[in-house]
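Remarks on the structure that follows.
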Amino acid sequence: MLRSGYQQAARSGRVRSYIDLLAEFSEFREHFEDAAGLDHPLELVTMADGPGPVTVICCAGTAPTSGLHEFTRLAGTLSDTTPVRALRQPGYEEGEPLPSSLEAVLSVQADTVLEAQGGKPFILAGHSAGALMAYALATELADRGHPPMGVVLIDVYPPGYQQAVHAWLDQLTAALFDREMVRMNDTRLTAMGAYDRLTSGQLQLRNSRLPTLLVRADEPMGPWPDDSWRSTWPFAHDIADVPGDHFTMIQEHADAIARHIVAWLTERNT
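See below:
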């Protein structure tokens with residue numbers, strides 16, 4: 661039912677209202693406040709065993725089709741140069757509770773990263789809303805005194821810079837159905853609503869002063885009068901542009917993203 665409603669919302673131009681409704685539905689699911697509230701511990705999943713000294717940790721997005729599979733192609737193109745691991749957002753699997761707050765999920769994720777890495781260097785990466793989660797996690801780790809070496813933000817649209825996203829919300833939603841790698845169900849849709857509420861209501865971006873690479877798509881999702889549709893970031897960052905739009909860049913053009921990540925890491929380590 662929720663899936664068909666989401667499709668109808670996209671057809672009728674009411675996606676924003678429907679996401680708000682999904683957020684309300686999410687309040688009736690179980691929630692966790694710390695790791696003890698999870699039936700299974702969160703884990704870093706190895707995507708590639710490259711030889712490099714710095715691990716790329718990819719943070720999954722918050723769309724209803726999101727998951728570790730988002731980074732399969734990117735990990736494949738990085739496999740000859742650097743280790744790649746991935747971190748999911750809890751609450752997208754059947755029976756799994758949602759975080760009660762942004763602080764709850766970031767705390768659990770930070771514990772997971774620090775335990776898994778054991779002091780080994782790493783960077784965080786994310787695409788779209790997953791990039792916002794990656795940056796929030798980087799800030800949490802920096803506050804604990806264990807910052808990543810940097811953050812890679814792939815086509816991120818932070819709060820206050822989302823005019824294009826709002827304008828293209830129907831197109832973006834239709835594209836999710838067209839590129840549905842994991843079938844959207846009630847669990848995944850209500851999880852999206854929950855995380856949308858967390859990132860829009862509780863996320864307070866702070867200048868972490870961490871090295872940051874912003875990777876931007878060079879094709880818009882729809883008509884736009886100028887280049888202000890492009891992904892941007894309010895704090896100091898390097899920029900790399902790659903072929904494709906918001907969705908095709910991370911799949912069909914993952915090799916271009918990988919090249920920029922490797923070049924950026926090499927530059928920072930020399």
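Counting in the numbering used here, the sequence shown runs without a single skipped number right up to 930 at its last residue.
Glycine is no exception: its CB is placed at the ideal position from the N, C-alpha and C atoms.
Keep in mind that this is a model prediction, so the values were computed, not measured.
{"Asked": "Contact check, L849 vs L662 under 8 Å by CB: the rounded distance?", "Found": "5 Å"}
{"Asked": "For A796 versus A785, is the C-beta spacing smaller than 8 Å?", "Found": "no"}
{"Asked": "Rounded to the nearest angstrom, what separates V902 and S788 at their Cα positions?", "Found": "15 Å"}
{"Asked": "Just curious, the beta strand (DSSP E) that M661 is in, first and last residue?", "Found": "No beta strand (DSSP E) holds M661; DSSP gives it neither H nor E."}
{"Asked": "Assign R671 to buried or exposed, taking buried as 16 or more other Cβ atoms, counted over all protein chains shown, within 10 Å of its Cβ.", "Found": "exposed"}
{"Asked": "Please report how far the alpha carbon of L698 lies from the alpha carbon of A851, in whole angstroms.", "Found": "15 Å"}
{"Asked": "Apart from the five residues just before and just after A824, which ones in its own chain have a Cβ nearer than 6 Å to its Cβ?", "Found": "W889"}
{"Asked": "With distances taken between CB atoms, is the gap from G665 to C719 smaller than 8 Å?", "Found": "no"}
{"Asked": "Excluding sequence positions up to five away, which residues of its chain have a Cβ less than 6 Å from the Cβ of V922?", "Found": "T741"}
{"Asked": "Entirely within the stretch 739-815 and at least 4 residues each: give me those alpha helix (DSSP H) ranges in chain order.", "Found": "762-777 and 789-803"}
{"Asked": "From G712 to D680, what does the alpha carbon distance come to, in whole angstroms?", "Found": "43 Å"}
{"Asked": "What is the rounded straight-line gap between the Cα of T892 and the Cα of P880?", "Found": "13 Å"}
{"Asked": "Can you check whether the CB of L734 is closer than 8 Å to the CB of A914?", "Found": "yes"}
{"Asked": "Name the residue from D771, V816 and P819 whose alpha carbon lies nearest to the alpha carbon of D803.", "Found": "D771"}
{"Asked": "Taking the alpha helix (DSSP H) that R928 falls in, what are its first and last residues?", "Found": "A914 to R928"}
{"Asked": "Report all residues from its chain with a CB closer than 7 Å to the CB of D846; omit the five preceding and five following residues, and keep chain order.", "Found": "L662"}
{"Asked": "Buried or exposed for P808, please, with buried defined as at least 16 other CB atoms from any protein chain shown within 10 angstroms of its CB.", "Found": "buried"}
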